[in-house]
Structure formats: C-alpha cells, structure tokens
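Here the protein sequences come in this chain order: Z and V.
Under this note's numbering, residue 186 is the last one in the first sequence; the count climbs by one each step, no gaps.
Under this note's numbering, residue 752 is the last one in the second sequence; the count climbs by one each step, no gaps.
To start, the structure under review is shown below, and the notes come after it.
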Amino acid sequence: MGERSPDEEAEVRVLGLGNVLMGDDAAGPWVVEHLRAEYEIGPGASLTDVGTPGLDLVPFIGGARVVILVDTVKSKGEAGELRFYRRDEILRYPPGPRTSPHDPGVKETLLYLEMAGSGPEEVLLVGIVPGRVEKGLFLTPAVAAAIPEAAEAVAVELRRLGIPALRRPGSAPARPWWAGEEGTAP
Amino acid sequence: MSKRITVDPVTRIEGHLRVDVEVDGGHVKNAWSSGQMFRGIEEILKGRDPRDAWLFTQRFCGVCTTVHAITSVRTVENALDIAVPMNAQYIRNLIVGAHAMHDHIVHFYHLSALDWVDVVSALKADPAKTSALAESLSPWPHNGTAVLKGVQDRLKGFVEAGQLGIFANGYWGHPAMKLPPEVNLLAVSHYLQALDAQRNINKVVALLGSKTPNIQNLAVGGVANAINLDNEATLNMSKLYFVKEALDEAQKFIEQVYFPDVCAIGALYADWLPYGAGVKNYMAVPDFPLDEKGTKFDLPGGTIMGGDLGSVKEIKAFGDPYFKENVTESIAHAWYDGDWQKHPYDEETVPKYGKWEDDGKYSWVKAPRFQGKPMQVGPLAQVLVGFALKHEPTVKWAVKTLETIGAVAKTKVGPEILHSTLGRHAARMIRTCMIAEITQKHWKLLVENIGKGDTEIFRKPEFPSGEQRGFGFHEAPRGALSHWIVIRDGKIANYQAVVPSTWNAGPRDGKGQVGPYEASLIGNPVADAERPLEVLRTIHSFDPCLACAIHTLDVEGNEIARVRLA
Chain Z
1 MGERSPDEEA
11 EVRVLGLGNV
21 LMGDDAAGPW
31 VVEHLRAEYE
41 IGPGASLTDV
51 GTPGLDLVPF
61 IGGARVVILV
71 DTVKSKGEAG
81 ELRFYRRDEI
91 LRYPPGPRTS
101 PHDPGVKETL
111 LYLEMAGSGP
121 EEVLLVGIVP
131 GRVEKGLFLT
141 PAVAAAIPEA
151 AEAVAVELRR
161 LGIPALRRPG
171 SAPARPWWAG
181 EEGTAP
Chain V
187 MSKRITVDPV
197 TRIEGHLRVD
207 VEVDGGHVKN
217 AWSSGQMFRG
227 IEEILKGRDP
237 RDAWLFTQRF
247 CGVCTTVHAI
257 TSVRTVENAL
267 DIAVPMNAQY
277 IRNLIVGAHA
287 MHDHIVHFYH
297 LSALDWVDVV
307 SALKADPAKT
317 SALAESLSPW
327 PHNGTAVLKG
337 VQDRLKGFVE
347 AGQLGIFANG
357 YWGHPAMKLP
367 PEVNLLAVSH
377 YLQALDAQRN
387 INKVVALLGS
397 KTPNIQNLAV
407 GGVANAINLD
417 NEATLNMSKL
427 YFVKEALDEA
437 QKFIEQVYFP
447 DVCAIGALYA
457 DWLPYGAGVK
467 NYMAVPDFPL
477 DEKGTKFDLP
487 GGTIMGGDLG
497 SVKEIKAFGD
507 PYFKENVTES
517 IAHAWYDGDW
527 QKHPYDEETV
537 PKYGKWEDDG
547 KYSWVKAPRF
557 QGKPMQVGPL
567 AQVLVGFALK
577 HEPTVKWAVK
587 TLETIGAVAK
597 TKVGPEILHS
607 TLGRHAARMI
617 RTCMIAEITQ
627 KHWKLLVENI
637 GKGDTEIFRK
647 PEFPSGEQRG
657 FGFHEAPRGA
667 LSHWIVIRDG
677 KIANYQAVVP
687 STWNAGPRDG
697 KGQVGPYEAS
707 LIGNPVADAE
717 RPLEVLRTIH
727 SFDPCLACAI
737 HTLDVEGNEI
747 ARVRLA
C-alpha cells in the first residue's frame, strides 16, 4: 500500500474500460490483464482496470501527460476489429445531456480537465468493436482473438513514448479473477 | 391537446433510463419511468463461494463499486450471524464516507449544476462583484477576483473558438434559467474547483481500499488492511495522517463551497420549491456502525409515511426484522414472467420482454414496495428520518441550511420545503456535511483503538452445512441499498440486490401505484417541450443510477440523449 495510488501518479496511464460481467464489454479490462501477464513494462506507465466509472474517470486521467484508453466502441465494423482514435476524433462530437453519472464519461472528463487546465497532452483510444454485450463472464471468440492485438497496439504506443514495453517470453496467459478456470472460452 | 415527450438516451448499444411524460397546458400530467436494460447480473453469483460475492457485486456498477462491495460482505456476515472487529468497522466506515463525499460532490457539480446554472451568462458577470458576493457567503480562499477573472477568460476563449466543450449541450439561454450572471460565474468557478476536490477525497478510498475504483481490502469477517505502526508496508501513522489531511481538505470544500452554493441556488430558485415532491413515503437505513454487530450507528434509519414526520419508525440494527419482513418487489408492470409481488429471498428472475404498454409492462426495473407502499429513498429520506428522530447532527445542519436559504431569499422557510426537487439537493448537501464530521470522528476512533493496542482486523468465517439466509444494507449515496442471500451448503443458492434506484425509478405496481420518479414529475412545469429542462431537473435531483451495467463508447456518432415529441 503506497502513500498514493501509483495509478494516479504515473505520467502515462493505460486505462481499461468496461464491465467485466457483461460479455465483450470486458475487452478493456482484458487487455489490461493481458499486458500485466505477458509484457514487461518500464517505469513511467501504469495499467489500471477502471471498470465503468462514468464521471469518476477524473482522478484517473487528471494530471497524466498521456492517456491510453482501451474500450469497446460502437462502430459499423465487425466484432473484434480495432479502431484507433486520437483526442480530436474523440471530441469531434460534443457529449450529450446526461441523465446519470454512469453514462460513459470519456468525452466529459477530457473536456473538464482541459477547461481546468490539467488535461493530458496526448490521448489514444484503442477501440474494440464488441460482439455480444450482455450478462456473462466470457468474451466472444472474435473479441478474445483481438485482445493480444489490442495489447500490442498499446505496447507500440508506449514504445513510441519512450517507455519500454516488451513481451515477456514464456509467460503464462492472463487469467483474470472474474473469468474463472475456463479463461476466454465460452 | 396534450403532448408526449420521451427522453431516451441512446449512448449505448442497449438503452437505460427512459422517461416519458405527457404535457398539457405547460405542466406534466402523467409520467412513466423505464429501465431499458435487463440486468439480472445476480444470476452470475449462483453456485459461487459467498466469500467471493463482493468481488462480483462491486462490478454491478462502475460508479457504485464500493457500496455493493460493503453491502455484500454485510449480507454474508448477517447470514452467518457474525460480528467484525472494530478496526474493520472503522476502516469500512472511512471508505464508505469518503466515497459518499466524493459521489455527492460529483453529483451536484458535474451532473446537476448545469440544470440550474447558465454558463454563457457567466460571461456577462463582473468578477469583482462576484468576488464580493462570494466573500459575503463564505470564507473560502479561492473566490478572489483574479481567480474568477481567470475562469471567465478561459470560458470566453472556449466560446470564441466556437466550442463550448463540456457545456455544448447545456440548456443555456433556457427561459427557466434564472440566476444572475455573478452567481453563474461563481458556480462555474466552483464547478472546476470541484474536480480537485473530487481527486483529493478519492485518495482516501485509494489508500484504504488499496485501489480504486474497485477496492481490494474487504473480506467477509473484516478487512485485509494489516495494521502495524512500525511497518512501512502496513497501515501506519504516516498513512493515517495522509487520510486525515484529505478528510480535512474535503471538509473545507464541503462546508465553504458546497454548503453556500446549494443554499444560494435554493434561495434564488425559490419559485421551484413547490415542485417535485412525489412520493412522500420515505425510507433510510442506519449506517456508520459504532459496534461490532451493527446495533449503534452515527446516521439513523427508519421510515416516514405520507410526509408525516410524526409517523417515523426507526430501523435500529443490522438484521432488523422491521426491514426484513416488509420488503417485497412487484413485477406487475415489469418485463418479467408473471405479475407477482414477492420477498427478495423468494424471487426468481425470468425475463420476458414485450413491447412498451402504458397500462401494461414497460420497464426492466422491478417495483420494490415496503408494506405494499412505494418509498422514496436517498439523502432526503435519510435527512427527514434523522430530523423526525431529532438526531442532533441532522437537526443542526438542516436548521443551518434553512436559515441560510431564508437569509438569501429574505423570507422564512421551514422543513416542508425539503419535500421537493431542490429539497433533494439540499438534503444531499446536509448529509455530506454530516459525513464530513462523521469520517473525522471515525478516523479518531480508529487511531484511538489502534493506540490501545488493538490491531485485530479479521475473524475467519465458518460456513455450516444446510441453509442460511441473510441480508445486509448500506445507506449508499443514492439511498437504501440491500442485498439478500440464500446460502446452501456453503454455496450461493440465491442472491438479489434491491438497489436505491430501483426504489425510486421503479414502475407502477399491481395496484397501479406510481413510483417516486413518476410521481415527482407529475405537476412539473415544462416551458419548452423541445428542451424539457424541468424534467431533467427533477430526474437528476434523485441522482439516477440505472445505466450501470455496460459501457460502450460511441465515438463515431453523436452521443446525445434523444428527446422525442409525439
């Protein structure tokens, strides 16, 4: 237990978003688990499974220089396809009026922090097109197959930023607590 | 001719909260509240080890993580009839208290303030006059002219660049916006400062919970925070002082910013005080336990029927039969098979989706009832119950709030104004002020207890064979949350979560009684049907929590709530 949560202090923060109980919505947290299990990541970057915090994203993004978000995205593509977005593309459309604090809060959080003068300089969203998003602890095969690819995309970005992020040879595959013994199998 | 308005956010693959209102003559005549998504996540828990349930329940919702974790361990402890060490109670109390302060601040400033504050009007404010006004209300040191001028300049930059950013979809310029430019500027400045307050208080949850947003330190039987004042790696004095500093900072923001802001908005929107009462049966559960078994608490719970404070009946302890025996859920108007009204232990969740029918089934949310009646839950329920029970901190903060509102509005106001949309905001603030004091107290209790040499944090639970039933509750930021468990031979046989927003957002029941959201909307004014700001004001005042289960970001489309007129 540190004095501060290191997740909230790192310069570069990798945040996996999504609900691990809702099928493919867990893709973001899965990528974080995959990076933890199979990569050696140098100092200066943190990996966090943030769940679905809505407006509570503020502490996780505030004060970071670079934020790499991994999330499912609504898109016309096939399940398992990756989509990449930078800050301006994420903010091209303004956020809508909210009915609840739980609506996805990525756009709002970026705008709040920018307005308050503590927004990140760079943002990359690694988006994964989901297949089935409903109650369940497993990914669909197409999305499960995309996890290593999405993790490598995060690693490439980290290396571009000068942070070592290399695959650890012979590491055991990720086995997140929620997925039990069967891993990603349906 | 009446007009039908549907407010239906389309931000996800599946929908969530949808509200339909019928407007006639500028007022809402009828209302329907609908959960547009099947949850049923409890099914995932069946057959699992009850000691793991909290890890899953805290993923029910991304914002209310801590509250489902705490409630789950209390539930299993109740089923096993076990007590937890005092250090565990205090540490849990500090976490839930910090979480509640964080949550209430975010709700007021970042979710609902823009219902009342016209951002664009702030550009017309005189920063010096704004500063003078602020200093007449509060000793907060960050209300100076230079700070306010800086906020105004930044806002101006956004507007001139043609992008209002975060405010782009606010209902600015709406005829129902009434604040003078100076108050709007002050509110915008505090809106930005609240971001720092939010980050600050989150540190307490992160340190004690080992991690946020999903805490890791809980266990059925206690907590996993090893205490050793001589060890760097455990909970020690330097970490405890770090917590204390964050609590001090939070309390200052709450008392010097949140308190006067809510009072000022309440006073300046005095014409809104008659709206939004709705269901006047209230229920709160006691919280911040002061003993191992949960029989003494720092915040009281109970019920009030028909708005009569004299009818108050206390819920006294964890496991109180008055609570246990009177809760049922009705599916008469919800998309489940059947039309029963059952106790949570006996429920089975069989979804049966049909189309929307105004007089039939129209929601995925069940309708919880207490003694067969709809109940409003949330900070207002808790404050009214405390007030009716003459709970000293509640009375103190409620009186102070009403006096301040009266002074700004230059009129005398009594507790009856709390039965309203704005009353829910006032009550949430009152509760936050109390929690700021209570967390200070529990910090002191924890330090004193450790000082006496007590470092016990956990007692291993034993699971007997056969069946045990139990329930746990927590007065969460959105109100009374309860989990119900049936354990058979050490495994979960049934699990139900009756969440606060189910009480408030639930549909009609078998007797046709409307739920609290629905009741509160009937009679609301609506000035402009294309921009139903007033409907959002009342719904937001409850702090809705339905869209908890999934998160898919829509980057390529316009992420906007749809308002449909029919």
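Glycine residues also receive a C-beta, built at the ideal position from the N, C-alpha and C atoms.
Taking a contact to require three or more Cβ pairs closer than 8 Å, the region 113-131 of chain Z and the region 24-40 of chain Z qualify as touching. According to the DSSP assignment, Lys499/V belongs to the beta strand (DSSP E) that extends over 499-501. Annotation for Val32/Z: the continuous alpha helix (DSSP H) segment containing it runs 27-38.
For Glu661/V, the enclosing beta strand (DSSP E) covers residues 653-662.
Between the alpha carbons of Lys215/V and Ile708/V lies a distance of about 5 Å. Close partners of Val20/Z in chain V (Cβ separation under 7 Å): Arg245. Judged by their CB atoms, Pro560/V and Gln699/V are nearer to each other than the 8 Å cut-off. Contact with chain Z is found for Leu378/V, since one of that chain's Cβ atoms lies less than 8 Å from the residue's Cβ.
Nearest Cα to Gly558/V within the set Lys547/V, Ser516/V, Trp542/V: Ser516/V. Counting other Cβ atoms within 10 Å of its Cβ, Thr597/V stays below 16 and is therefore classed as exposed. Residue Lys479/V holds the alpha-carbon nearest to the alpha-carbon of Asn273/V among Glu534/V, Asp238/V, Lys479/V.
In this structure, DSSP gives Gly572/V a helical state, which the three-state scheme calls helix. Leaving aside the five residues that flank Ser307/V on each side, the residues in its chain whose CB is nearer than 6 Å to its CB run, in chain order, Pro367, Asn370. Counting C-beta atoms within 10 angstroms of its own C-beta, Trp521/V has 16 or more neighbours from the protein chains shown and is therefore classed as buried. Only residues of its own chain outside the window of five on either side were considered, and among them Gly16, Gly18, Val20, Asp49 have a CB closer than 6 Å to the CB of Pro29/Z, listed in chain order. In this structure, DSSP gives Asn422/V a state outside helix and strand, which the three-state scheme calls coil.
For the region 244-264 of chain V, the residues whose beta carbon sits under 8 Å from a beta carbon of chain Z are, in order, Arg245, Phe246, Cys247, Gly248, Val249, Thr251. Using a CB distance cut-off of 8 Å, Leu137/Z counts as an interface residue toward chain V. DSSP lists Thr489/V as the beta-bridge partner residues of Met469/V.
Going by DSSP, Thr514/V is part of no alpha helix (DSSP H) but of the beta strand (DSSP E) stretching over 513-516. Here Val209/V is actually not in contact with Val193/V; their C-beta atoms are around 12 Å apart, not less than 8 Å.
Taking 8 Å as the upper bound on Cβ-Cβ separation, chain V lies near residues His102, Asp103, Pro104, Val106, Lys107, Glu108, Leu111, Tyr112, Leu113, Glu114, Met115, Ala116, Gly117, Ser118, Leu125, Gly127 of the region 102-127 of chain Z. Proximity to Ile671/V across His213/V, Pro271/V, Tyr531/V peaks at Tyr531/V, based on C-alpha coordinates. For Arg385/V, the chain Z residues whose Cβ falls inside 7 Å of its Cβ are Val58, Pro59, Gly62, in order along the chain. In the DSSP assignment, Val209/V falls within the beta strand (DSSP E) that extends over 203-210. Scanning its chain for C-beta atoms nearer than 7 Å, with the 5 sequence neighbours on each side dropped, one finds around Leu433/V the residues Val390, Thr625, Gln626, Trp629, in chain order. Burial is judged here by how many other beta carbons sit within 10 angstroms of a residue's own beta carbon; Gly407/V has at least 16 and is buried.
Within the DSSP secondary-structure output, Ile673/V pairs in a beta bridge with Gln654/V, Ile678/V. Contact annotation for Arg340/V against chain Z: Met115 [CB-CB distance below 7 Å, chain order]. Asn264/V sits buried, since 16 or more C-beta atoms from the chains shown fall within 10 Å of its C-beta. Under the DSSP assignment, Val12/Z falls in the beta strand (DSSP E) whose first and last residues are 12-17. In the three-state reduction of the DSSP assignment, Tyr444/V falls in the helix class. Contact annotation, Ile277/V with Val448/V: C-beta distance approximately 30 Å; criterion of less than 8 Å not satisfied.
For the region 14-39 of chain Z, the set of positions with a beta-carbon nearer than 7 Å to some beta-carbon of chain V reads Leu17, Gly18, Asn19, Val20, Leu21, Met22, Asp25 in chain order. In the three-state reduction of the DSSP assignment, Ser307/V falls in the helix class, which pools H, G and I. Approximately 19 Å separates the beta-carbon atoms of Lys438/V and Leu393/V; this is outside 8 Å, ruling out the contact.
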